[in-house]
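A.B. asks: Sending over a structure as C-alpha cells; questions will come in a sec.
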Amino acid sequence: MVEEADEFHGQHTEPTASKAVMIDWLPAVPRAERTHVRDYTCDCRPVVYELCQAGGLRFIRRTSRLNKRIVVEESPRDVTAVIDTLWGELLRGEAH
Ligand SMILES: [Zn+2]
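Position in the sequence shown (from 1) plus 246 gives the number in our numbering.
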C-alpha cells in the first residue's frame, strides 16, 4: 500500500448514473491461480475496485469495508476486451 497523503489520490469512481449497468457481483472464491492486479481505484474510499487478470481472463474485484468487516466480491470473468470496457464503465459511473 502506498502511504496516504491528502494531495495524493488514485482514481475514483464517478457517482453512479441512473441508467448504470448492474454488475453481477459474486462472493470471491479462493483459487490456486496467480492473480495480477492491472489497475485499481483509490483506497481512500470504503469500496475499492481492482482490475484483475488470472488464467487468461479478467475480472473486477470489489473490496468493501463495512463496519470493520471486509467483504470481497468478484465480477464474472471474461476476455480482456469485455472486462476492460466494463472497468471503464465502472470508473465513469456507468456500471456498478
Ligand atoms: Zn482518494
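Backbone N, C-alpha and C fix where the C-beta goes; we use that ideal spot for every residue, glycine too.
Please state whether the Cβ-Cβ distance between THR287 and THR326 is less than 7 Å.
C.D. replies: Working through the sequence shown from its first residue, we reach residue 287 at position 41. Working through the sequence shown from its first residue, we reach residue 326 at position 80. Cβ distance not < 7 Å, so THR287 and THR326 don't count as in contact.
A.B. asks: Out of ALA300, ALA278, THR281 and ALA266, which has the shortest C-alpha to C-alpha gap to ARG338?
C.D. replies: Sequence index remark: in the sequence shown, residue 338 carries index 92 (1-based). Here the closest residue by C-alpha is ALA266.
A.B. asks: Going by DSSP in three states, THR326 sits in which element: helix, strand or coil?
C.D. replies: Translated into positions along the sequence shown, residue 326 becomes position 80. Looking at THR326 - three-state DSSP - the assignment turns out to be helix.
A.B. asks: Measuring only the C-alpha atoms, how far is LEU303 from LEU332?
C.D. replies: Working through the sequence shown from its first residue, we reach residue 303 at position 57. Working through the sequence shown from its first residue, we reach residue 332 at position 86. Each residue's alpha carbon lies about 13 Å from the other.
A.B. asks: Using three-state DSSP, classify GLU320 as helix, strand or coil.
C.D. replies: What you label residue 320 is simply residue 74 of the sequence shown in a count that begins at 1. Residue state, collapsed to three classes: strand.
A.B. asks: Quick one: which unbroken beta strand (DSSP E) runs of 3-plus residues sit fully inside the segment 257-338? Chain order, please.
C.D. replies: Those beta strand (DSSP E) runs which fall completely within the segment 257-338 and span 3+ residues are 281-286, 293-300, 303-312 and 315-320.
A.B. asks: Below 6 Å CB to CB, which residues in the same chain sit around VAL317 once its five sequence neighbours on both sides are set aside?
C.D. replies: Residue numbering aside, residue 317 sits at position 71 when the sequence shown is read from its first letter. Taken in chain order, the residues that qualify are SER310.
A.B. asks: Rank VAL293, ARG277 and PHE254 by C-alpha distance to the C-alpha of GLY301 and give the top, closest one.
C.D. replies: Numbered from its first residue, the sequence shown carries residue 301 at position 55. If we check each option's Cα against that of GLY301, ARG277 comes out closest.
A.B. asks: Cβ of HIS255 versus every heavy atom of ligand 1: is any distance shorter than 6 Å?
C.D. replies: The residue labelled residue 255 in the question sits at position 9 within the sequence shown. Yes.
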